[in-house]
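Q:
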Amino acid sequence: MNKYLNTFALVAFVTIATPSLSQLLEAQPIDSSPTAAPLGCHQRLYTYRITQADAQGRECWDYVSVRSCWGRCDSSEISDWKFPYKRSFHPVCVHATRQPAVAVLRNCHPEVDEETRRYEYMEAGSCHCHTCSTLDTSCEAPVNNIIDEKSGMKVLALTGSDSDVLDY
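In this note's numbering, the protein residues as written are 305 to 472.
#1: Considering Cα atoms alone, identify which of I382, D366 and V398 is closest to I354.
#2: Let me check understanding here. Comparing Cα to Cα, which of T420, E418, T441 and T435 lies closest to A428?
#3: Report the residue from A405, Q403, A400 and Y423 whose alpha carbon sits nearest the alpha carbon of N411.
#4: Per the contact definition of three or more C-beta pairs closer than 8 Å, is the segment 413-421 in contact with the segment 385-393?
#5: Within the same chain, show all residues whose beta-carbon is closer than 7 Å to that of A400, passing over the 5 residues directly before and after it, in chain order.
#6: Got a sec? Which residues, its chain only, sit under 7 Å from P404 by beta carbon, not counting five neighbours each side?
#7: Measuring only the C-alpha atoms, how far is V549 from C345?
#8: Which residue's Cα is closest to the Cα of G361: T435, V368, T438 and T420?
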């Protein structure tokens, strides 16, 4: 189950921006294996293989490590006399602060436009447990939420990024 939660955290809390003249072709996670970090919400380094191309289709690529938030947060529900008869508090591990970062891609076509070498993204400056805000974080439930009949456990599986097909 940790494998799925780690993947969800990776997708949900890493914000990526690319220069206007180049196009991001690929962002593949390279290292997203479970960590042996203590319980709680903290920063974690994720490594991606980034590929982007200029207007003529010439590519640059490299491995980029991004600081993101990862971990668990305590949640609770208490009963209430008004519908829905409960008050829920379900914080998630999100960035408290973010900062812009730039990576220079080293593996480039010899004639690639110079701005294609520059990869701009946002990374977590610090992390904390907080209610998810859609202003800067993807808070939707992952696609294809399925029940594992053997364990009776809900399994989160990411298969798409289109919010119209998300199963809530």
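Glycine is no exception: its CB is placed at the ideal position from the N, C-alpha and C atoms. Treat the numbers as computed from the prediction; the structure is a model and nothing was measured.
A: Let me spell this out:
#1: In the sequence shown, the residue the question calls residue 354 occupies position 50. Measuring from the Cα of I354, the nearest candidate turns out to be D366.
#2: By one-based count along the sequence shown, residue 428 stands at place 124. When only C-alpha atoms are compared, the closest one is T441.
#3: Locating residue 411 in the sequence shown gives position 107, where the first residue counts as 1. In terms of Cα proximity to N411, the closest of A405, Q403, A400 and Y423 is Y423.
#4: Touching, no, given that fewer than three Cβ pairs across the two stretches are closer than 8 Å.
#5: Numbered from its first residue, the sequence shown carries residue 400 at position 96. Once the five neighbours on either side are set aside, the close Cβ partners of A400 are S430, C431 and H432.
#6: Here the question's residue 404 lines up with position 100 in the sequence shown. Around P404: E424 and M426.
#7: Look at the range of the chain in this structure, 305 to 472, and you will see that residue 549 is not part of it.
#8: Locating residue 361 in the sequence shown gives position 57, where the first residue counts as 1. If we check each option's Cα against that of G361, T420 comes out closest.
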